[in-house]
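Working notes, beginning with the structure itself.
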Amino acid sequence: MADKSFNAFKMAQSQFDNVAEKLDLDQATRDLLRNPIREFHFSIPVKMDDGTVKVFQGFRVQHNDSRGPCKGGIRFHPQETIDTVKALATWMTWKCAVVDIPLGGGKGGVICDPHNLSMREQEQICRGWVRQVVRNVGPLQDVPAPDVMTNAQHMIWMMDEYETLTGAKYPGFITGKPVGMGGSLGRTEATGFGVIYTVREALNELGIDIKKTTAAFQGFGNVSQYAVKLYQEYGGTAVCVSCWDQKESKSYTFIKKSGIDLEQLLGITDKFGGIDKAKAKELGYEVADAEAWIQQDVDILVPAALENQINAETVKKISARVKLVAEGANGPTTPEADEVFTKKNIFVIPDFLANAGGVTCSYFEQVQCNMNYFWTKEEVLSKLDNIMTSAFHAVYGLAKQKKVYMRDAAYMIAVNRVAQACKLRGWV
Ligand code: NAD
12 MADKSFNAFK
22 MAQSQFDNVA
32 EKLDLDQATR
42 DLLRNPIREF
52 HFSIPVKMDD
62 GTVKVFQGFR
72 VQHNDSRGPC
82 KGGIRFHPQE
92 TIDTVKALAT
102 WMTWKCAVVD
112 IPLGGGKGGV
122 ICDPHNLSMR
132 EQEQICRGWV
142 RQVVRNVGPL
152 QDVPAPDVMT
162 NAQHMIWMMD
172 EYETLTGAKY
182 PGFITGKPVG
192 MGGSLGRTEA
202 TGFGVIYTVR
212 EALNELGIDI
222 KKTTAAFQGF
232 GNVSQYAVKL
242 YQEYGGTAVC
252 VSCWDQKESK
262 SYTFIKKSGI
272 DLEQLLGITD
282 KFGGIDKAKA
292 KELGYEVADA
302 EAWIQQDVDI
312 LVPAALENQI
322 NAETVKKISA
332 RVKLVAEGAN
342 GPTTPEADEV
352 FTKKNIFVIP
362 DFLANAGGVT
372 CSYFEQVQCN
382 MNYFWTKEEV
392 LSKLDNIMTS
402 AFHAVYGLAK
412 QKKVYMRDAA
422 YMIAVNRVAQ
432 ACKLRGWV
């Protein structure tokens, strides 16, 4: 959001236009899918702690609900813009469609900075947000979730306001709630494990034994920690992780060629995924610069930190040994790097397929809440594995059949499913 010249929604539209061309979609379908179907802009007046009233700007965007209720997070950010929310809602439509869960794409936001708001003021924003869109959201219409600077507490306040206004219990109104208050077991593991389910399938297709592979991970937060865990359980050797050093405002890579010890590293990691450098050195880790993770002589790269990490410059540093890139983060690879991957025949599991385990588990949370009956963690993870595995094979099958890049194949499947749903409903 810092780069003012970058417009995420224009990018989402141009990606869509590109796929629409490949799929030869008719004009009406293109007109429908390149814009959100509904967009709500509203004011949220809040009585502040000092007695003054401040009016916050809120949004909810429903990009497409032809396949089911919309699904997507609510962001609290001082630089939130309607175009960012529109882009994220569009990407949610494709993410839900590629894993074939019966949901559409949505996203919401409020322009505010939680750092400067008391908990009471944040609660009032949450309740005010729900009051403005209560008729247009709900378990059968649009199901919000946490996102940037919102968490389980915000979700509970929103659920409580929705239930107060509608006069009944609707735990399926929102996801990201704590376990015991309608949250799902397995949500913490879901995104990282989902990445590795797809890695396992890709390696099988490439005829590579996972036990003989090595991998480098960027990031050591929720996604990376659980991706490393499952990868190691499958017998792979994780040689490094990297993270942001808050004190020094730069990132470092922590390397142990024989394989990192996950439990040991977790013991010296803070809740933001930052590793204590001095303690890591004591434990025998080589502490290298930010880009060292991408230069490792490994079979697999897992970017799981930020967007725009594998770009025209950094892609040159990738070892000739790398065969597979699994995108845990959203948007880690630029189009220039994609070209290099294609030339070098590096297999890519694109972000909205690889990291869809998170939204899939949120869908499970909603299903369990609607039934008011909760599954064991094993049940959740086994259902997640089934969904991620079939999604991978649908995309891989199309990529092979049409001889297209994996990212294009994933887009083609997702957009085609949504276009078909709109057609079957008689919208276009
Ligand atoms: P997180 O905040 O838990 O962890 C982020 C990690 O990245 C931390 O270890 C941090 O130190 C590290 N990091 C930050 N800047 C870095 C830099 N410049 N270089 C190296 N490391 C850096 O975040 P997360 O939930 O693990 O999410 C990671 C990515 O995955 C994001 O792109 C997010 O949008 C995406 N994602 C997350 C989920 C989910 O369920 N958590 C779902 C889908 C996509």
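The numbering used here numbers the first residue of the sequence shown as 12 and each following residue consecutively. A virtual CB, placed ideally from N, CA and C, is assigned to each residue, including glycine. Since this is a predicted model, take the numbers as computed values, not measurements.
Distances between the C-beta of G285 and the heavy atoms of the ligand NAD include at least one below 7 Å. With contact defined as three or more Cβ pairs closer than 8 Å, the segment 174–187 and the segment 204–218 are not in contact. Shown here, T371 sits in a helix according to DSSP, grouped into three states. As DSSP reads the structure, T280 sits in a beta bridge with I286. Judged by DSSP in its simplified three-state form, T325 adopts helix. Distance between H126 and C137, taken at the CA atoms: about 15 Å. Cβ-Cβ separation between G203 and Q236: approximately 6 Å, consistent with a contact (criterion under 8 Å). In the DSSP annotation of this structure, E338 is not part of any alpha helix (DSSP H), being labelled neither H nor E. In the DSSP assignment, Y263 falls within the beta strand (DSSP E) that extends over K261 to I266.
Put simply, the backbone Cα of E216 is about 51 Å away from that of F67. Note on geometry: alpha-carbon atoms of T248 and D310 lie some 10 Å from one another. Taking non-hydrogen atoms of the ligand NAD into account, the C-beta of S195 is found less than 7 Å away from none of them. Taken through DSSP and simplified to helix, strand or coil, A432 comes out as helix. No heavy atom of the ligand NAD is found nearer than 7 Å to the CB of F204. For P155, the enclosing beta strand (DSSP E) begins and ends at D153 to P157. Pairing A337 with F363, the inter-Cα distance amounts to about 11 Å. Burial state of G408 is exposed, judged by a 10 Å Cβ sphere holding fewer than 16 other Cβ atoms.
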